[in-house]
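Engineer: Quick one: this structure, given as structure tokens, is what I'll be asking you about.
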Amino acid sequence: MEDQATGVVIATRTALDQASALAVQYGFSILGAFILLIAGWILAGVVSRASYRVISRIRGIDETLASFFQNLLHYSLLILVFITVLGQFGVQTASIIAALGAAGLAIGLALQGTLQNIAAGIMLLILRPFRVGEYIETTNVKGFIKDIGLFATEMRTADGLYLMAPNSTLWNTPIVNHSREPDRRQELSIILAGGSDIELARKIILDVVKSDQRVQTTPSPVVYIDDLSAGQTTLKIDYWTITSAWTPTRQDVISKLLAQLAAANIALK
Numbered sequence: 001m002e003d004q005a006t007g008v009v010i011a012t013r014t015a016l017d018q019a020s021a022l023a024v025q026y027g028f029s030i031l032g033a034f035i036l037l038i039a040g041w042i043l044a045g046v047v048s049r050a051s052y053r054v055i056s057r058i059r060g061i062d063e064t065l066a067s068f069f070q071n072l073l074h075y076s077l078l079i080l081v082f083i084t085v086l087g088q089f090g091v092q093t094a095s096i097i098a099a100l101g102a103a104g105l106a107i108g109l110a111l112q113g114t115l116q117n118i119a120a121g122i123m124l125l126i127l128r129p130f131r132v133g134e135y136i137e138t139t140n141v142k143g144f145i146k147d148i149g150l151f152a153t154e155m156r157t158a159d160g161l162y163l164m165a166p167n168s169t170l171w172n173t174p175i176v177n178h179s180r181e182p183d184r185r186q187e188l189s190i191i192l193a194g195g196s197d198i199e200l201a202r203k204i205i206l207d208v209v210k211s212d213q214r215v216q217t218t219p220s221p222v223v224y225i226d227d228l229s230a231g232q233t234t235l236k237i238d239y240w241t242i243t244s245a246w247t248p249t250r251q252d253v254i255s256k257l258l259a260q261l262a263a264a265n266i267a268l269k
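Each step along the sequence shown adds one to the number in the numbering used here, with nothing skipped, and position 82 is 82.
Right under this line is the structure:
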């Protein structure tokens, strides 16, 4: 009986010693992991905010793009901290990294179209083929730019309709920007009826065009015969104006030409 009691006491002490050793060992591991987690969380926030300030100062970098890179760096650092914390407990992090890589590949394949839009959005924000407020035209869409996001670009059509275009459709097609260049050429055609005084018509047209203050003198406006056929003559008018005044100048010039040519009894077809 005494031997059994002694054995129980020894076994109990051994178990308590092992439990104490495990408590000390894992207690320090848990404390270290907790400290590492807090420090990593703070460091990720500091580094991501610092990166945002640096990236936002780069010429041509949009605020949306700077925020995207900030969030990407922030969550990447948090994942790295989480993997490091797991390593504190003896977890094989190599298998976790491999699993994350496989998961990332699967997600990338599942969201292939979305990732294409993100990549296209990044390139649009960096290269800036168009900006907010500008009017663009592609083979698929045309309108005024309202907002450029990472996934899609919001536009307003000329007749006031809301339009959202995926960035990949804008990046993979030629873009005509009607607002980017400061000056723009205007071309008008006038068809004179047969028997009209062509030289008088040319003089009236040039006088009307040059009298508009919005029409630039360099290069100077020109009026020339573009086509000559039986019963009619086509005159072409070329002049330059600032882009912002292109449409109102065109409207005013056409109105004045119609009035002046009618007053000179020059018939149009």
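Ideal Cβ positions, reconstructed from N, Cα and C, are used throughout, including at glycine.
All of these numbers come straight from a predicted model, not from anything done at the bench.
#1: Tell me whether L72 sits in a helix, a strand or coil according to DSSP, three-state version.
#2: Mind the definition here: the stretch 152-163 touches the stretch 172-183 only if three or more C-beta pairs lie below 8 angstroms; say whether that holds.
#3: Please return the same chain residues whose Cβ sits closer than 7 angstroms to the Cβ of A44, not counting the five positions on each side in sequence.
#4: Mind checking I58: buried by the 16 CB within 10 Å criterion, or exposed?
#5: Based on Cα-Cα distance, which residue from L37, G40, R250, A262 lies nearest to R185?
#6: In terms of alpha-carbon separation, which member of N117, T247, I254, F151 lies closest to D207?
#7: Any contact of the stretch 139-150 with the stretch 120-128, i.e. 3+ C-beta pairs under 8 angstroms?
#8: Could you please give the first and the last residue of the uninterrupted beta strand (DSSP E) stretch that includes P248?
#9: Assuming contact is defined by CB atoms lying nearer than 7 angstroms, are I237 and I205 in contact in what I supplied?
#10: For chain D, find out if any of its Cβ atoms is closer than 7 angstroms to the Cβ of F82; answer yes or no.
#11: By how many angstroms is the C-alpha of A50 removed from the C-alpha of L163?
#12: Let's see if you can read the secondary structure: which residues bound the alpha helix (DSSP H) around L170?
#13: Straight-line CA distance for V304 to V132?
Structural biologist: According to the structure shown:
#1: Within the sequence shown, the letter at position 72 stands for residue 72. Of the three classes helix, strand and coil, the one that applies to L72 here is helix, per DSSP.
#2: no
#3: Taking the first residue of the sequence shown as position 1, residue 44 is located at position 44. Answer for A44: H74, L77, L78, V81, listed in chain order.
#4: On the sequence shown, position 58 is the one that residue 58 refers to. Per the 10 Å Cβ criterion, exposed.
#5: Translated into the one-based positions of the sequence shown, residue 185 becomes position 185. The shortest Cα separation from R185 among L37, G40, R250, A262 belongs to R250.
#6: If you number the sequence shown from 1, residue 207 lands on position 207. Comparing Cα positions, the closest option is I254.
#7: yes
#8: The count along the sequence shown starts at 1 and reaches residue 248 at position 248. Segment 246-263 is the alpha helix (DSSP H) holding P248; no beta strand (DSSP E) there.
#9: As a working note, residue 237 is residue 237 in the sequence shown. As a working note, residue 205 is residue 205 in the sequence shown. The answer is yes: Cβ separation under 7 angstroms.
#10: Among the chains of the structure shown, chain D does not appear; only one protein chain is present.
#11: Numbered from its first residue, the sequence shown carries residue 163 at position 163. Numbered from its first residue, the sequence shown carries residue 50 at position 50. Distance from the CA of L163 to the CA of A50, rounded to the nearest whole angstrom, comes to 36 angstroms.
#12: As a working mapping, residue 170 is identified with position 170 in the sequence shown. Taken as a continuous stretch (DSSP letters only), the alpha helix (DSSP H) holding L170 covers 167-171.
#13: Coverage of the chain is limited to positions 1 through 269, which leaves residue 304 absent and any answer about it impossible.
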